[in-house]
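**Q** First residue of the sequence shown? That's 1 in UniProt numbering, and the numbers climb one at a time after it.
We put the beta carbon where it would ideally sit given N, CA and C, even for glycine.
One structure, pasted below without further comment.
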Amino acid sequence: MTFNFRPLPVLSALSALILLGSATQLLAERELRFPVNPPEPREGQYVHVPPTLDELETSGMHPELQRVIRRGHDLFVNTQQLRGENVFNDMNCSSCHMGEGRLPFAGPVWRAAVVLPNFRPKNQHVNNLEERIAGCFTYSMNGIPPEYGSDNMVALAAYHQWLARGVPTYQLTDYYGRGYSIDRPDEEPSYERGQALYEANCALCHAQDGSGMRVDGTPHFPAVWGDLSYNWGAGIIRHHTLAGFIHHNMPLGQPYTMSVQQSWDIAAYINRQERPQDPRYTGDVHETRALYLDTFHVHGDYGTEQQGRLLGDHDNLGEKPILRPAVVRPRTFQ
Ligand code: HEC
Ligand code: HEC
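Structure below.
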């Protein structure tokens with residue numbers, strides 16, 4: 001088994017060379033998929049190229065472990081197989097974590113396997129990898145997460161940890177391509193400009209009304225708002241997060257064609273449409289906004305009036321049968 005261990009953030013000449021090597025490999029890989037290159041790594045950033053499933057074959061790992069990791073991969077890219085049980089919208093994990101959760105600037109998920117457990121401001125306690133995965137089920141998938149320790153949860157976590165192969169744990173460093181980062185826009189984002197851009201560049205796949213496109217009942221292009229999309233508690237309802245996602249990844253196959261400003265404009269348009277209720281809803285949208293304002297809602301428009309509508313002022317859960325999954329609870333470790 002080989003480990004690509006790279007000590008950072010102190011950048012020695014050797015590690016700089018190794019970094020450059022893997023960055024070039026990464027860019028080359030990305031170029032195969034997309035016509036435009038992602039930003040270059042900044043000095044001192046940690047670059048990781050996650051292993052592929054082909055590499056799993058030759059990893060020497062126990063065949064049963066390989067099977068479970070493959071099961072995790074299958075759940076990650078086809079999460080719709082859990083529809084009606086854990087997933088109540090049209091998303092797969094890979095709808096937002098593109099390239100099987102491996103692509104930089106598309107929320108590569110391996111990082112969670114090496115920085116968790118950690119304190120998470122969103123829920124104000126220490127979360128491990130399973131709880132972080134449960135978070136995306138709860139909000140992004142408008143769902144009810146698989147039980148901690150269940151076969152599906154263990155398989156998903158195993159896939160994340162496989163992707164992180166060789167990365168040292170708990171480095172307090174800057175990871176190249178994590179999340180969906182973007183600069184601030186020059187001008188205040190505009191709903192009207194966003195609408196025009198959405199209709200010209202996005203509606204083809206995601207539909208004029210945001211509901212996406214289905215082929216033979218199977219979601220093909222996921223919904224960006226409405227009942228079949230992510231709910232009001234999802235990380236991507238934050239304008240900077242959605243803008244970053246768009247800038248680096250959309251339209252599909254044409255990343256970086258929407259400028260920073262255009263990406264913020266489209267984000268302002270999409271995230272001022274309705275979607276299922278935030279699972280932390282108290283029954284009053286103003287109160288819910290206020291409760292999670294500093295740690296979350298300050299970055300979005302939930303509970304504010306936009307285009308003459310008070311956003312999130314309803315009991316609509318989409319297809320989900322209950323408001324709040326049991327995993328959404330405080331932990332005290334007493
Ligand atoms: C609607 C979009 C969306 C979907 C679908 C989604 N996620 Fe996420 N996910 C996000 C966002 C946004 C973040 C936060 C990125 C950031 O930190 O800026 C995130 C973060 C994560 C992280 C932490 C990554 C890190 O860098 O710490 C993990 C792990 C994760 N998601 C796993 C999953 C899994 C597993 C699924 C499917 C069950 C899933 N996600 C579905 C949007 C999504
Ligand atoms: C050619 C079809 C196509 C076009 C055009 C397109 N998308 Fe997407 N979009 C996709 C697909 C497919 C995914 C899911 C990613 C995957 O499965 O690889 C996606 C995912 C998304 C997501 C995350 C999942 C969700 O549904 O919320 C958002 C947000 C999004 N696109 C916004 C946009 C925006 C904004 C534009 C226009 C600038 C755009 N897309 C243009 C096909 C498209």
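Any contact between the region 249-261 and the region 185-201? By contact I mean 3 or more CB pairs, one from each, below 8 Å.
**A** These segments touch.
**Q** Is the beta carbon of Leu252 within less than 6 Å of some heavy atom of ligand 2?
**A** Answer for Leu252: yes, Cβ within range of ligand 2.
**Q** Can you name, in chain order, every residue of its own chain whose Cβ lies under 8 Å from the Cβ of Val126, other than the five neighbours on each side?
**A** Hits under 8 Å: Pro117, Asn118, Phe119, Arg120, Arg331 and Phe333.
**Q** What would DSSP say about Phe333, mapped onto helix, strand or coil?
**A** Looking at Phe333 - three-state DSSP - the assignment turns out to be coil, as it is neither helix nor strand.
**Q** Go ahead and pull the three-state DSSP assignment for Leu310.
**A** In this structure, Leu310 counts as strand in the three-state DSSP scheme.
**Q** Looking at the secondary structure, which residues open and close the alpha helix (DSSP H) in which Pro63 lies?
**A** That run of the alpha helix (DSSP H) goes Pro63 to Val77.
**Q** Per DSSP, what kind of secondary structure is residue 335 in: helix, strand or coil?
**A** The requested residue 335 is not part of the displayed model; the chain covers only 1 to 334.
**Q** Any heavy atom of ligand 1 closer than 6 Å to the Cβ of Met91?
**A** At least one heavy atom of ligand 1 is nearer than 6 Å to the Cβ of Met91, so yes.
**Q** I'd like to confirm the pairing. Which residues does DSSP put opposite Tyr269 in its beta bridges?
**A** None, per the DSSP bridge assignment.
**Q** For Tyr175, which residues of its own chain have a beta-carbon under 6 Å away from its beta-carbon, when the five flanking residues on both sides are left out?
**A** Hits under 6 Å: Tyr46 and Arg111.
**Q** Measure the C-alpha to C-alpha separation of Asp90 and Val77 and round it to an integer number of angstroms.
**A** Each residue's alpha carbon lies about 12 Å from the other.
**Q** Quick one: does the C-beta of Val224 sit closer than 6 Å to a heavy atom of ligand 2?
**A** The answer is yes for Val224.
**Q** Cβ of Val49 less than 7 Å from any chain D Cβ?
**A** In summary, chain D is missing from the structure at hand, where a single protein chain is found.
**Q** So, helix, strand or coil for Val126, using DSSP?
**A** Three-state DSSP puts Val126 in a strand.
**Q** Reducing DSSP to helix, strand and coil, say where Met213 ends up.
**A** Of the three classes helix, strand and coil, the one that applies to Met213 here is strand, per DSSP.
**Q** Do you know how far the Cα of Asp74 is from the Cα of Glu153?
**A** A quick correction: the sequence has Met, not Glu, at residue 153. Approximately 12 Å, taken between the alpha carbons.
**Q** Tell me, which residues are paired with Thr218 by DSSP?
**A** Bridge partners of Thr218: Val215.
**Q** Is the CB-CB distance between Asn142 and Pro276 below 7 Å?
**A** Contact flag set, yes.
**Q** What are the boundary residues of the alpha helix (DSSP H) that Phe105 is part of?
**A** Where Phe105 is concerned, there is no enclosing alpha helix (DSSP H), given that its DSSP letter is neither H nor E.
**Q** Residues in the same chain with beta-carbon distance under 8 Å from Thr282, minus the five sequence neighbours each way, listed in chain order, please.
**A** Result list for Thr282: Thr288 and Leu291, in chain order.
**Q** Looking at the strands, I want to know which residues DSSP matches up with Glu305.
**A** DSSP output for Glu305 lists Leu310 as bridge partner(s).
**Q** From Asn271 to Val285, what distance separates their C-alpha atoms?
**A** In a straight line, the C-alpha of Asn271 is about 16 Å away from that of Val285.
**Q** Could you please give me the residues that DSSP links to Arg120 through a beta bridge?
**A** In DSSP, Arg120 forms a bridge with His125.
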